[in-house]
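The structure appears below as structure tokens.
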Amino acid sequence: MRASASPGSNRPVSNALALIPLTGLPLVEPGDDIAALMFAAAGRCAGGLQDGDLLVVAQKIVSKAENRYVDLGTVVPSARALELAGPADKDPRLVEVILSESREVMRQRPGALIVEHRLGYVHANAGVDRSNVADPDKVLLLPRDPDASARRLRERARSELGRDVCVIINDSAGRAWRNGIIGFAIGCAGFRPVVNRIGAPDLFGRKLEITEIAVADELAAAASFVMGQADEGIPAVLVRGARLEPSDEGMGAL
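Residue numbering for the sequence shown follows the numbering used here, starting at 8 and increasing by one per position.
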């Protein structure tokens, strides 16, 4: 995979970043106006949006606003779901929902199915989640099109506030051969998510041969550290100071 920019032409360097938690947001319900909530929170917490700002928004509130709930009481497990439920130690109905969001089951263990999500990345349980969902009979799926969700927020900032901002929709996932989860981007708008540094010189003049920087993931992880993973109640972070190359390519590059 290669970013479309010319080799070594881009320098995603920021001397300093401010990561500002957008606090005071209400619990999001289906149909809520995420953009209005973000803009109001940015006004309270950061003096309003500025050109060049980056909004990093947790997948969960986007999914809630888009009503990506599934009631397990309506799910009928397939033979494949029944087959996987035992080794994965999961409700067969939940396994069926995971399969519906997946292209391929790559591995299983008690507590997790490692799958290729329909959006293209490898993820535990296809991102299907019960955490911070009030109804115990419901689960929450990832947004249907996270890039489109990010674009809508960006377009609203431009049309309503006259501000040129970038947007990341982030989630968290584990990594192969490494303990712990980390924030990563599942949708973005307004900037190049992967920057090609191949051909750029190092400190001693040698040209880099394989270096490409997953800018979207690095920023998603930084914001995720501010958001927290449990009951912190911070589903969005404003990042100020990132020097991002404009692009409309979305997450396909990652």
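Backbone N, C-alpha and C fix where the C-beta goes; we use that ideal spot for every residue, glycine too.
Item, Value
"Straight-line Cα distance separating D98 from R250", "45 Å"
"Straight-line Cα distance separating A72 from S138", "16 Å"
"Check whether L160 and A42 have beta carbons under 7 Å apart", "yes"
"Cutoff 8 Å; reference A23; Cβ partners in own chain excluding five residues on either side", "G248"
"Residues that DSSP places opposite P28 in a beta bridge", "V244"
"V104 - DSSP class collapsed to helix/strand/coil", "helix"
"Residue nearest to A252 in terms of C-alpha spacing, selected from F211, C173, I241 and I189", "Per the sequence presented here, residue 252 reads as Glu, with Ala not at that position. Out of F211, C173, I241 and I189, C173 has the C-alpha closest to the C-alpha of E252."
"Rounded C-alpha distance that separates I241 from A86", "40 Å"
"For A221, the first and last residue of its enclosing alpha helix (DSSP H)", "Neither: A221 is in no alpha helix (DSSP H) and is coded neither H nor E."
"Whole-angstrom distance between A65 and I217, CA atom to CA atom", "31 Å"
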